[in-house]
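The opening position of the sequence shown corresponds to residue 723 in our numbering, with each subsequent residue numbered one higher. Taking it in order: structure first as structure tokens, then the write-up.
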Amino acid sequence: MANAVYNTVTAKISVKDYLFKAFGSTLIFDGFLKVYNTNDDEKETKIPPLKSGEELNLLRLLPLQHFTEPPPRYNEASLIKALEEHSIGRPSTYAPTIKTILDRLYVYLDGKKFVPTNLGIVVNNVLKHHFGNIINVEFTANIEEKLDKIAEDKAVWQNVLKDFYKSFEKDLNEAEKNLQKQKVQAQQTSEICPSCGKNMVIRYSRRSQFLGCSGYPECKTTLSLDKDGKIAAAPQETDKKCDKCGSPLIKKTGFAGKQYLSCKNYPECKTLYNIDKDGNKIISPEPEHTDIKCNKCGSEMLKRISKRGPFLTCSAFPKCRNLQWIKTNKTPKSKTYKAAKPSEKKTAKKRQPLFSLPKKLLK
């Protein structure tokens, strides 16, 4: 069904050094309002016909106070609409873009509204300060237009990259010299620490966000958050014991929703166990000793079992990370392990820098 159409008029009234504005709107096409009656006729504000430079008489002066309200936060639909209006991206890139800013914890969802995290605010400020030439909607829309011209053979891609890379390389070099380590401020919450009663704050690890006590380091209580920023299931003490220190094991839920067992004596004891669907510990078998020597450092090789079969690892791990898959020859009386023939080491191709261009294009 068609949208309703309004005729909007703005009148600017100058009084000495002050400027007043009056807004009026008149419905000129009903559209969907024809069947969805909202009594908008009563809300219409009509401005009488005016001429430029016409003097007006002041009838009443009403000293009413109005507070400016911030624009509403984006939801998924309004964000996509804004991207479309600014010619940013394509329909195929909208969903990955939204997923990226959520996965990287730049924003979180409050209901259906996107709210920036402190991490997102810091990243945004750093990028705008050091890469202001490209972190703006005008640049992105301009690039989209140039890409369309390249696709239509109306522009030479080498020239487009050359023009971009000259300024980008300069900004990148300046950022490498001047960019300092940024500290993300903890975000205060209304959650109360179950250990000491102080407020909990949102902190960030390398891969997720969590609640930590504002009394840190005196109080080291933490609570896991799920992908929606809500407190995950509360840790539950179990009747199982830590094999290293004998303390009770706590059942916790990770950021991805996977449950595991953690020693109650953390951080003094950092023992962790994966658990099966019944909550039982999944304990990896101890490695077996072999008479095979590491062909890199000479240390003993240990035999381990994985889903893909048996393999050998160096006992000097992590200093030596040698790994070899093994062939097993079994007899009724004995068992020997023979290292498989090492595959030829493949040299990874050196990754080329992004936007790398031939020198002749940069001259």
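Cβ atoms here follow ideal geometry from the backbone N, Cα and C, with glycine treated the same way. Computed from a prediction, not measured in an experiment: that's the story for all the values here.
With 16 other Cβ atoms within 10 Å as the buried cut-off, status of residue i
| i | result |
| --- | --- |
| D924 | The residue you asked about is not Asp; residue 924 is Ile in the sequence shown. When all chains shown are included, I924 counts as buried. |
| Q907 | exposed |
| L827 | buried |
| I972 | buried |
| F751 | exposed |
| Q931 | buried |
| G968 | exposed |
| L849 | exposed |
| L778 | exposed |
| L781 | exposed |
| F805 | Looking at the sequence provided, one finds Leu at residue 805 rather than Phe. The residue is buried, with at least 16 neighbouring Cβ atoms inside 10 Å. |
| A799 | exposed |
Proximity to residue i [Cα-Cα], best of the options
| i | options | result |
| --- | --- | --- |
| S889 | S917, H852, L869, E791 | H852 |
| P1040 | S1021, P1032, W1047 | S1021 |
| C991 | K966, N797, G775 | K966 |
| N855 | D893, C1016, N1044, V829 | D893 |
| L772 | S747, K1018, K734, P794 | K734 |
| V829 | P957, Y926, I953 | Y926 |
| N864 | K850, P916, S809 | S809 |
| T730 | F742, S747, Y740 | S747 |
| R1026 | D948, D875, Y740, I1005 | I1005 |
| K963 | L947, D948, C985 | C985 |
| N996 | P1007, N987, L983 | L983 |
| N1044 | L778, M1023, W879 | M1023 |
| Y728 | F745, S917, T911 | F745 |
| V845 | T819, A873, K905, V878 | K905 |
| H1011 | T1035, R1030, G811 | T1035 |
| D885 | E913, D825, K1029, F861 | F861 |
| P1007 | P1032, D875, N987 | P1032 |
| T732 | A724, I769, Y740 | I769 |
For residue j and residue i, the rounded distance between their alpha carbons
| i | j | result |
| --- | --- | --- |
| L994 | G919 | 27 Å |
| I857 | D832 | 25 Å |
| K974 | Q981 | 6 Å |
| N900 | Y796 | 33 Å |
| P838 | P792 | 14 Å |
| L786 | L749 | 27 Å |
| D867 | L801 | Just to set this straight, residue 867 is Glu in the shown sequence, not Asp. Going by the C-alpha atoms only, they are around 20 Å apart. |
| E807 | K834 | 21 Å |
| S1037 | D1013 | 12 Å |
| N1002 | I953 | 24 Å |
| E776 | S736 | 11 Å |
| L945 | P957 | 8 Å |
| T1053 | K1018 | Confidence at T1053 is low in this model, with a pLDDT of 39, below 50, so its placement is unreliable and no value can be given for it. |
| D948 | K999 | 19 Å |
| P813 | F742 | 41 Å |
| A1132 | M922 | What is shown of the chain runs 723 to 1085, which leaves residue 1132 out entirely. |
| P1009 | L933 | 37 Å |
| Y887 | L869 | 15 Å |
| F789 | Q880 | 51 Å |
| P970 | P989 | 14 Å |
| P794 | Q1046 | 58 Å |
| V882 | I820 | 27 Å |
| K871 | V878 | 8 Å |
| T911 | C1042 | 45 Å |
| S936 | E913 | 11 Å |
| L784 | D739 | 19 Å |
Boundaries (first-last residue) of the alpha helix (DSSP H) holding residue i
| i | result |
| --- | --- |
| F751 | Looking at the DSSP string, F751 is not in any alpha helix (DSSP H); the run it does join, the beta strand (DSSP E), is 740-751. |
| G968 | Counting along the chain, G968 falls outside any alpha helix (DSSP H), and DSSP gives it neither H nor E. |
| G842 | 840-852 |
| L994 | First-last for L994: 994-997, but that is the beta strand (DSSP E), not the alpha helix (DSSP H). |
| F1039 | Careful: F1039 lies outside any alpha helix (DSSP H) and carries neither H nor E. |
| A817 | 813-825 |
| D961 | Here D961 belongs to no alpha helix (DSSP H); instead the beta strand (DSSP E) covers 958-963. |
| F890 | 879-900 |
| L805 | 798-807 |
Extent of the continuous beta strand (DSSP E) run through residue i
| i | result |
| --- | --- |
| I1014 | 1010-1015 |
| A873 | Segment 859-873 is the alpha helix (DSSP H) holding A873; no beta strand (DSSP E) there. |
| V906 | Taken as a continuous stretch (DSSP letters only), V906 belongs to no beta strand (DSSP E), as it is neither H nor E. |
| A733 | 727-737 |
| R925 | 921-926 |
| I1027 | 1022-1028 |
| F932 | 931-935 |
| D832 | 829-832 |
Assumed close pair residue i, residue j - CB separation to whole angstroms, cut-off 8 Å
| i | j | result |
| --- | --- | --- |
| N840 | Q902 | No, N840 and Q902 are not in contact; Cβ-Cβ is about 17 Å, not under 8 Å. |
| T960 | P916 | Contact flag wrong, Cβ pair sits at about 18 Å. |
Any non-hydrogen atom of the ligand HEM within 7 Å of residue i CB
| i | result |
| --- | --- |
| D870 | Ligands are entirely absent from the displayed structure, and the ligand HEM is therefore not among its contents. |
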